[in-house]
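Data first, discussion second: the structure below is written as structure tokens.
Okay, here's the thing in structure tokens:
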């Protein structure tokens with residue numbers, strides 16, 4: 016365990032917000048987790064930091080920030096059709112996907128270039144281009160702060176939803192994921208349900224292989240999303256809202272280019288980026304905080320914006336979209352203060 020007092024988090028969040036925390040705690044093993052909560056926490060508030068990619072820090076934090084650094088990929092089962100892997104929480108998500116593709120383990124190639132670590136993937140139930148992490152999820156292991164024990168959670172117990180899980184609600188701040196187990200296929204064809212991805216492969220005359228899907232997703236994302244190393248951002252800032260058929264028809268009557276994605280319960284998911292752009296906010300900027308000029312779903316830091324500055328932009332977007340469409344956007348990122 017490493018403990019660093021009054022530490023800047025600028026290099027630990029992709030927005031590049033220069034906020035400080037009371038203590039930065041580096042946890043290098045499961046024993047470190049037990050030691051921290053037995054001897055260093057005293058029941059105080061803390062923040063578990065993954066890759067810092069789905070986070071907006073509004074101000075300096077007067078509590079501890081924890082980082083898990085332990086890594087490793089362990090084979091649990093290996094047969095002719097599939098492989099089951101236990102992946103440590105500190106593994107970088109994109110590097111994990113790259114490892115899978117290079118070893119011909121299929122299923123997550125659509126999730127290339129998503130920032131963050133494996134341990135935070137189930138919390139958000141990350142997804143992109145027609146695939147969510149829960150599709151290949153088997154279980155996870157972690158430390159329960161309430162029971163002071165390590166516990167295992169099945170897919171059903173995780174209560175996965177759209178960019179959601181029990182770890183964002185009932186167990187928020189009460190459970191630390193230490194490893195995740197996934198089952199990947201050795202035979203399944205790539206998922207091309209996302210039209211943009213399928214069209215890209217067709218236009219470039221690429222065979223629908225996992226490697227080609229992986230490379231295509233990287234190209235598409237790189238051209239659509241700014242690199243946090245060049246422009247501070249957290250990727251998609253808002254969730255795509257899910258609305259009723261009545262609300263969908265109401266908006267469609269005024270905007271014929273509205274696209275909807277029907278859900279199992281009769282509701283319809285629509286694009287938050289489309290709503291923001293139609294509200295005239297693409298490129299909207301105050302100081303160094305802005306709605307990205309190339310993609311309305313992304314909020315960016317042009318250099319010296321504070322977390323409060325970014326949040327003011329977010330609130331303005333939420334209010335403006337609601338006034339225009341009567342649809343209330345919700346942040347996809349974790350907003351902390």
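Residue numbers (this note's numbering): 16 to 352.
Backbone N, C-alpha and C define an ideal beta-carbon position, used for all residues, glycine too.
To the nearest angstrom, how far is it from the Cα of residue i to the Cα of residue j?
i           : j           : result
residue 269 : residue 262 : 12 Å
residue 330 : residue 143 : 25 Å
residue 100 : residue 171 : 19 Å
residue 77  : residue 86  : 28 Å
residue 31  : residue 238 : 21 Å
residue 90  : residue 98  : 7 Å
residue 21  : residue 104 : 25 Å
residue 340 : residue 274 : 14 Å
residue 294 : residue 210 : 25 Å
residue 154 : residue 169 : 5 Å
residue 219 : residue 125 : 17 Å
residue 284 : residue 256 : 6 Å
residue 88  : residue 264 : 48 Å
residue 342 : residue 158 : 38 Å
I'd like to check one pair, residue j with residue i: are the Cβ atoms closer than 8 Å?
i           : j           : result
residue 160 : residue 189 : yes
residue 66  : residue 167 : no
residue 180 : residue 130 : no
residue 206 : residue 146 : yes
residue 152 : residue 197 : yes
residue 323 : residue 240 : no
residue 276 : residue 199 : no
residue 71  : residue 350 : yes
Rank the options by C-alpha distance to the C-alpha of residue i and give the top, closest one.
i           : options               : result
residue 300 : 287, 319, 282 and 132 : 319
residue 42  : 290, 241 and 63       : 63
residue 258 : 249, 232, 243 and 287 : 287
residue 345 : 296, 274, 251 and 292 : 251
residue 175 : 165, 186 and 166      : 186
residue 202 : 165, 115, 60 and 72   : 115
residue 225 : 260, 328 and 120      : 120
residue 347 : 148, 178, 334 and 28  : 178
residue 38  : 312, 204 and 59       : 59
residue 16  : 266, 55 and 254       : 55
Can you name the start and end residues of the alpha helix (DSSP H) that residue i belongs to?
i           : result
residue 109 : 108 to 117
residue 228 : 225 to 239
residue 303 : Premise fails: residue 303 is in no alpha helix (DSSP H) and is neither H nor E.
residue 172 : 170 to 173
In the DSSP assignment, the beta strand (DSSP E) including residue i goes from what residue to what residue?
i           : result
residue 22  : 17 to 23
residue 248 : 247 to 251
residue 91  : 88 to 93
residue 265 : Looking at the DSSP string, residue 265 is not in any beta strand (DSSP E); the run it does join, the alpha helix (DSSP H), is 260 to 267.
residue 191 : 190 to 200
residue 79  : 76 to 83
Three or more C-beta pairs below 8 Å linking the region 310 to 326 and the region 239 to 251: yes
Segment contact flag, the region 272 to 284 with the region 300 to 311, C-beta cutoff 8 Å, min 3 pairs: no
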